[in-house]
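J.: Below are the structure tokens for one structure; questions will follow.
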Amino acid sequence: MPRMPMPAVPYASTAVRPSWADLPADLRTAISARLGSQVTWATTAGGGFTRGFAAVLDTADGQRVFVKAASLSTQRHLTDWYAREVAVTAALPTAIPSARPRWTLTAAGYYVICLDAIEGHMPALPWQPAELDAALEAWAVAAEALREPPAELVAVGLPALSDLVRSDLSWWREIAAGREAMPPVPPWVEKQLDDLVTLEAALPGYLHGDAATHCDLRLDNVLIDPAGAALLCDWTWICFGPAWWDTASLLITAYASGLDADALFAAHPTTRDAPPDGLDAALAAQGGYLLTRAEAGPTGASPHLVAHQRWTGEVALAWLASRRGWA
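Printed below as a string of structure tokens:
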């Protein structure tokens, strides 16, 4: 299958973050004190789109941890996300391959979380088949563990994916009604606008269920360890919904890599209950959302976010067009 052009900025280089030296001295002192040893080295995370501090810290006594920090006064949305990340990851079933939280700290006007450091690397694009297989296997294990989410996780409060999609991923409807401008798209999109609206409208009805799903499974939320196994990160947005939704999301980059994403989707254990039009509906909705959000312009996140939204939206629509036979 043909490979699509890759993003100009790789996922592992999208972050624009403060370094360890940029943090207030009082905060650095408090983190070292909580660790019980002086921080001797900090490796800033290169991936991600938020502007919060995120780095692997090494200490004089040999500890290695992953620490995130955000200002309580100017980055309140991040501090809320980090607090939720801690609550969710602490309650995940033990079978799920993911870093676990160690502690939290409020100091010098910042909220700090500390998690296990994972030795590994983010997969590169185009995907290497062995690394994609590892990611899909890790997701299969996680999805099976979340078919009946434990009470501790449910108690954190999980939104319904169907509600989120209905409220946030209905952009073709808005475009068709004239309430939103058509983003730059291939010529076939306008010809198939009615079909895109129909697919998008059907999607919420496909997403009901009592299982839990990651809800943000992308290449940049995967790490490959030295043994070649995959671990799944950033569980902040977990919600009630079917696991095939995240399988589809993850495989968008596989399609761009020239791999047989259709066969991979069909063969994955999470997709056994996917409705016939489920994948097409997911690609339609995600394509419309990502392209429309990209046209909304820069946010307070990484300046590379817009380009990655546009690229992912274009790939989602290209995959959909291939599946539907749309020229």
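Letter by letter, the sequence shown follows residues 1 to 327 in the UniProt record's numbering. Note that the Cβ used here is the ideal one computed from N, Cα and C, for glycine as well. Computed from a predicted structure; not experimentally measured.
Only counting the same chain, and skipping five residues up and downstream in sequence, which positions put a Cβ closer than 7 Å to that of Tyr82?
T.: Excluding positions up to five away in sequence, the list reads Lys68, Ala70, Tyr111 and Ile113.
J.: Would Phe265 pass as a contact of Ala243 if the rule is Cβ separation under 9 Å?
T.: Not a contact, by the Cβ cut-off of 9 Å.
J.: Could you tell me whether the Cβ atoms of Asn221 and Leu207 are closer together than 9 Å?
T.: Contact flag unset, no.
J.: Asp58 and Thr40 - do their beta-carbons sit closer together than 9 Å?
T.: In this structure, Asp58 lies closer than 9 Å to Thr40 by Cβ.
J.: Output the boundary residues of the beta strand (DSSP E) element that contains Trp41.
T.: Unbroken beta strand (DSSP E) run through Trp41: Val39 to Thr44.
J.: Which word fits Ala143, buried or exposed, when buried means at least 16 other C-beta atoms lie within 10 angstroms of its C-beta?
T.: When all chains shown are included, Ala143 counts as buried.
J.: If you compare alpha carbons, which of Ala55, Pro123 and Thr104 is closest to Val86?
T.: With distances taken between Cα atoms, Val86 lies closest to Thr104.
J.: Could you round the C-beta distance between Ile252 and Trp171 to whole angstroms and report it? I think they count as a contact, below 8 Å.
T.: Contact flag wrong, Cβ pair sits at about 17 Å.
J.: Looking only at DSSP bridge pairs, what is Leu71 linked to?
T.: It should be pointed out that residue 71 corresponds to Ser in this sequence rather than to Leu. Per DSSP, Tyr110.
J.: Is the segment 277 to 294 touching the segment 302 to 317 in the sense that three or more CB pairs, one from each, lie closer than 8 Å?
T.: The answer is yes - the segment 277 to 294 touches the segment 302 to 317, with three or more Cβ pairs under 8 Å.
J.: Are the segment 181 to 189 and the segment 200 to 218 in contact at 8 Å, needing three or more beta carbon pairs?
T.: Verdict: no, contact absent.
J.: Please report the straight-line C-alpha distance between Gly120 and Ala229, rounded to a whole angstrom.
T.: If you take the alpha carbons of Gly120 and Ala229, they lie about 9 Å apart.
J.: Whole-angstrom Cβ separation of Leu164 and Ala212, contact assumed at under 8 Å?
T.: Contact doesn't hold; Cβ gap of about 13 Å is too wide.
J.: Can you name the start and end residues of the alpha helix (DSSP H) that Asp262 belongs to?
T.: Element bounds for Asp262: Ala261 to Ala267.
J.: Considering only the beta carbon of each residue, do Arg17 and Ala55 sit closer than 9 Å?
T.: The answer is yes: Cβ separation under 9 Å.
J.: Since Val222 is in the beta strand (DSSP E), which residue starts that stretch and which ends it?
T.: Here the beta strand (DSSP E) through Val222 covers Val222 to Ile224.
J.: Would you list the one or two residues that DSSP bridges to Arg64?
T.: Note: Arg64 sits in a beta bridge opposite Asp58.
J.: Whole angstroms is fine: what's the gap from Trp237's alpha carbon to Pro159's?
T.: Going by the C-alpha atoms only, they are around 9 Å apart.
J.: Where do the N-terminal and C-terminal ends of the beta strand (DSSP E) with Leu125 fall, by residue?
T.: Counting along the chain, Leu125 falls outside any beta strand (DSSP E), and DSSP gives it neither H nor E.
J.: My guess is that Pro10 and Leu125 are in contact by the Cβ rule of under 8 Å, so how many angstroms apart are they, rounded?
T.: Rounded, the Cβ-Cβ distance is 7 Å, consistent with contact.
J.: Roughly how many angstroms separate the alpha carbons of Arg323 and Asp280, rounded to a whole number?
T.: Between Arg323 and Asp280, the C-alpha separation is close to 8 Å.
J.: Which stretch, first to last residue, makes up the beta strand (DSSP E) that contains Ala230?
T.: Segment Ala230 to Leu232, the beta strand (DSSP E) holding Ala230.
J.: Tell me where the alpha helix (DSSP H) around Ile252 begins and ends.
T.: It spans Trp244 to Ala256 - the alpha helix (DSSP H) in which Ile252 sits, taken as one unbroken run.
J.: What is the rounded straight-line gap between the Cα of Pro129 and the Cα of Thr270?
T.: Approximately 19 Å, taken between the alpha carbons.
J.: Could you please give the first and the last residue of the uninterrupted alpha helix (DSSP H) stretch that includes Glu119?
T.: First-last for Glu119: undefined, no H or E at that position.
J.: Check for me: the alpha helix (DSSP H) holding Ala176 runs from which residue to which?
T.: Trp171 to Ala176 is the span of the alpha helix (DSSP H), which, as asked, contains Ala176.
J.: Does DSSP put Leu92 in a helix, a strand or coil?
T.: Looking at Leu92 - three-state DSSP - the assignment turns out to be coil, as it is neither helix nor strand.
J.: Report all residues from its chain with a CB closer than 6 Å to the CB of Ala90; omit the five preceding and five following residues, and keep chain order.
T.: Pro101, listed in sequence order.
J.: Given a cut-off of 9 Å, decide if Leu259 and Gly132 are closer than it, judged by their beta-carbon atoms.
T.: Here residue 132 turns out to be Leu, not Gly, going by the sequence shown. Yes, these two residues count as a Cβ contact at 9 Å.
J.: Which residue or residues does DSSP assign as beta-bridge partners of Cys215?
T.: DSSP lists no partner for Cys215.
J.: Can you say whether Pro298 is buried or exposed, counting buried as having 16 or more other CB atoms within 10 angstroms of its CB?
T.: Exposed, since its Cβ has fewer than 16 Cβ neighbours within 10 Å.
J.: CA-CA distance, Pro149 and Pro93?
T.: Each residue's Cα considered, the two are about 8 Å apart.
J.: From what residue to what residue does the alpha helix (DSSP H) around Gln309 run?
T.: Its alpha helix (DSSP H) spans residues Leu305 to Arg324.
J.: Under the rule that 16 or more other beta-carbon atoms within 10 Å means buried, what is Thr74, buried or exposed?
T.: Counting Cβ neighbours within 10 Å, Thr74 comes out exposed, since fewer than 16 surround it.
J.: Using CA atoms only, rank isn't needed, just tell me which of Val185, Pro123, Gln63 and Ala261 is closest to Tyr289.
T.: Ranking the options by Cα distance to Tyr289, first place goes to Val185.
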